Amino acid sequence: MVNRNKYITDFRRDVSSNFNDMLESITIQLERNELHTRWGPKEQDRYSNVDIEEFITGEEFLGPLLKETDDGSGNKVPGLWPCHKEDLILLNDFRRTHDVDLFVDIEAIGSGKSFKAATFASWGVFEIYTTPQFYQKFRMAPGSEVSIICMGRTAAQSKDVTYRKVLPFLYTDFMKKYFPPKFDIAKFEAGERFPGMLQLPGNKFIFPGTGNAGRALGYSPYIGIVDEANHLQLTAESKRAEGIAYGGKYDAAEQIFTAIGGRIGSRFRLGGKNHGAMIMMSDPRFVGDFLERRFEESSKAKDFYRVDKDRFVGGKTFCVRRDHWTAKPWAYCGETFKFDTDKLVVIE
2 MVNRNKYITD
12 FRRDVSSNFN
22 DMLESITIQL
32 ERNELHTRWG
42 PKEQDRYSNV
52 DIEEFITGEE
62 FLGPLLKETD
72 DGSGNKVPGL
82 WPCHKEDLIL
92 LNDFRRTHDV
102 DLFVDIEAIG
112 SGKSFKAATF
122 ASWGVFEIYT
132 TPQFYQKFRM
142 APGSEVSIIC
152 MGRTAAQSKD
162 VTYRKVLPFL
172 YTDFMKKYFP
182 PKFDIAKFEA
192 GERFPGMLQL
202 PGNKFIFPGT
212 GNAGRALGYS
222 PYIGIVDEAN
232 HLQLTAESKR
242 AEGIAYGGKY
252 DAAEQIFTAI
262 GGRIGSRFRL
272 GGKNHGAMIM
282 MSDPRFVGDF
292 LERRFEESSK
302 AKDFYRVDKD
312 RFVGGKTFCV
322 RRDHWTAKPW
332 AYCGETFKFD
342 TDKLVVIE
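This note's numbering applies: residue 2 is where the sequence shown begins, and numbers increase by one.
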């Protein structure tokens, strides 16, 4: 005798599975037709094995954009500071080995934090496109919106990071060949008004957000970047203070961390690990500011690993606190010598 309920359940499961497979196949085919590319299994195998160091230095990727330049005085200046390149390589390694999903970066104004974050944002785009069966892996409906969120203190600042720093990194040979952006960078360079967001092929977006995190939550953020996190709104008078952690005060950085970080975790946690990540960066502002609180909490974590004097991993957070002259020694440090402080003589 046929179990009618079981038969209906199995039939619905088969229909649902076949429909999702068909929809993903149609989505991929539409993207291929739209892009006129030859993205297939061979390309997938090749590019899914690219690591972040090759991405930063490779000619197909960011290598030409991050090459050394002359500072006008005959000195060669790297496109990406060596310590920042190390930060990104370590961050990506710790994402795999320590389940790190938050990068706290405390450095002075002018140290190149935004440039470093833009490099990681472009890496996030690359990961989304080259991860085999991305939608199936994370159990998302084919064609769902996936985004990189770039947030700042103001809308103007968020757009500046998105369009002047992240956007140029999308014009690599790889992107132009397989996933060309749907906008003309020359128009923005000529002063044309920035759109509300950048749309990439296949329903992928780069979204410039503001201190209000709510607007960005519907875009399934994979990477979240918060610039000048210590300078976001902090007030005790606001009615929004109710329910916000940190001494009864409304802290926009805390709200963004909770909202965006939580959404990344709910969308892209798989096998006990969060495959997405957040970068929260700023110069130090005052004792007990948002990033210092994260820094101190992480330094007391049981799972603590010291990389060097500027960097450590605490729990699921990778922390960096670096002096300006350490990040850019060629700009602030001239010739050096060793000095014996006891004998008060120059050694060499």
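Built from N, CA and C at the ideal position, the CB exists for glycine as well. Every value quoted in this text rests on a predicted model; they were computed, and no experiment measured them.
Same chain, Cβ closer than 7 Å to residue i, neighbours up to 5 away in sequence not counted
| i | result |
| --- | --- |
| lysine 166 | Ser115, Phe116 and Ala119 |
| tryptophan 124 | Ile53 and Phe56 |
| glutamate 297 | none |
| arginine 33 | Since pLDDT at arginine 33 reaches only 46, below the 50 mark, its modelled position is unreliable, and the value read off the structure follows with that caveat. Excluding positions up to five away in sequence, the list reads Trp40. |
| phenylalanine 135 | Ile129 |
| lysine 160 | Phe195 and Pro209 |
Rounded distance between the beta-carbons of residue j and residue i, thought under 8 Å
| i | j | result |
| --- | --- | --- |
| tyrosine 220 | serine 148 | 4 Å |
| threonine 357 | leucine 67 | In the structure as shown, the chain starts at 2 and stops at 349, and residue 357 therefore has no counterpart that could be examined. |
| asparagine 231 | aspartate 100 | With 8 Å as the limit, asparagine 231 and aspartate 100 do not qualify as a contact, their Cβ atoms being about 25 Å apart. |
| proline 202 | phenylalanine 180 | 5 Å |
| leucine 292 | methionine 279 | In fact, because the Cβ distance is near 12 Å, the residues do not count as touching under 8 Å. |
| glycine 262 | arginine 268 | Contact doesn't hold; Cβ gap of about 11 Å is too wide. |
Helix, strand or coil at residue i [DSSP, three-state]
| i | result |
| --- | --- |
| glutamate 255 | helix |
| asparagine 275 | strand |
| glycine 289 | coil |
| glutamate 146 | coil |
| tyrosine 172 | coil |
| isoleucine 348 | coil |
| cysteine 334 | coil |
| arginine 270 | strand |
| proline 222 | strand |
| proline 209 | strand |
| isoleucine 265 | helix |
| phenylalanine 319 | strand |
| serine 283 | strand |
| isoleucine 107 | strand |
| leucine 92 | helix |
| threonine 70 | strand |
| aspartate 341 | strand |
| histidine 314 | It should be pointed out that residue 314 corresponds to valine in this sequence rather than to histidine. In this structure, valine 314 counts as strand in the three-state DSSP scheme. |
| lysine 43 | helix |
| valine 101 | coil |
| valine 308 | strand |
| threonine 236 | In this prediction, threonine 236 scores a pLDDT of 46, lower than 50, which makes its location untrustworthy; no coordinate-derived value is stated. |
| glutamine 158 | helix |
| valine 51 | coil |
| glycine 183 | According to the sequence shown, residue 183 is lysine rather than glycine. Reduced to three states, the DSSP call for lysine 183 is coil. |
| lysine 188 | helix |
| glutamine 134 | coil |
| lysine 77 | strand |
8 Å CB neighbourhood of residue i in its chain, flanking five on each side removed
| i | result |
| --- | --- |
| phenylalanine 62 | Val51, Glu55, Phe56, Phe127, Thr173, Asp174 and Phe175 |
| proline 133 | Gln45 and Ser49 |
| valine 105 | Met281, Met282, Leu292, Arg295, Phe296, Ser299, Thr318, Phe319, Cys320 and Val321 |
| arginine 286 | Asn231 and His232 |
Candidates the options: closest to residue i by CA position
| i | options | result |
| --- | --- | --- |
| isoleucine 265 | Asp309, Met141, Ala253 and Lys303 | Met141 |
| alanine 254 | Val227, Gly277 and Leu271 | Val227 |
| tyrosine 130 | Asn204, Lys339, Arg322 and Arg154 | Asn204 |
| phenylalanine 121 | Thr259, Gly210, Asp341 and Leu81 | Leu81 |
| proline 65 | Pro169, Val288 and Glu190 | Pro169 |
| lysine 310 | Trp40, Cys84, Ile150 and Tyr48 | Cys84 |
| cysteine 151 | Ala332, Val78 and Phe206 | Phe206 |
| proline 182 | Gly210, Tyr164, Asn231 and Thr259 | Tyr164 |
| phenylalanine 338 | Glu349, Asp46 and Pro330 | Glu349 |
| arginine 294 | Gln158, Lys344 and Ile107 | Ile107 |
| leucine 171 | Gln200, Thr259 and Gly273 | Gln200 |
| leucine 233 | Lys303, Ile224 and Asp252 | Asp252 |
| alanine 260 | Lys303, Gly273 and Gly210 | Gly210 |
| aspartate 290 | Asp341, Glu229 and Ala156 | Glu229 |
| glutamate 146 | Arg270, Lys303 and Tyr223 | Tyr223 |
| arginine 97 | Leu271, Cys334 and Thr342 | Leu271 |
| alanine 332 | Arg286, Gly153, Lys188 and Ser74 | Ser74 |
| phenylalanine 139 | Gly273, Leu345 and Asp343 | Gly273 |
| glycine 153 | Cys334, Phe258, Val288 and Phe184 | Phe258 |
| phenylalanine 95 | Cys334, Leu345, Lys344 and Val308 | Val308 |
Same chain, Cβ closer than 6 Å to residue i, neighbours up to 5 away in sequence not counted
| i | result |
| --- | --- |
| serine 112 | His325 and Ala328 |
| arginine 312 | Val321 |
| methionine 198 | Phe206 and Phe208 |
| phenylalanine 305 | Gly315 |
| alanine 109 | Asp284 and His325 |
| valine 347 | Phe338 and Phe340 |
Proximity test, residue i beta-carbon vs the ligand COA heavy atom, cut-off 6 Å
| i | result |
| --- | --- |
| aspartate 185 | Only the bare structure without any ligand can be found here, which leaves the ligand COA out of the picture. |
Open item on the list: Tell me whether the stretch 82-89 and the stretch 318-332 touch, counting them as touching only if at least three CB pairs, one residue from each stretch, are closer than 8 Å.
Closed with: yes
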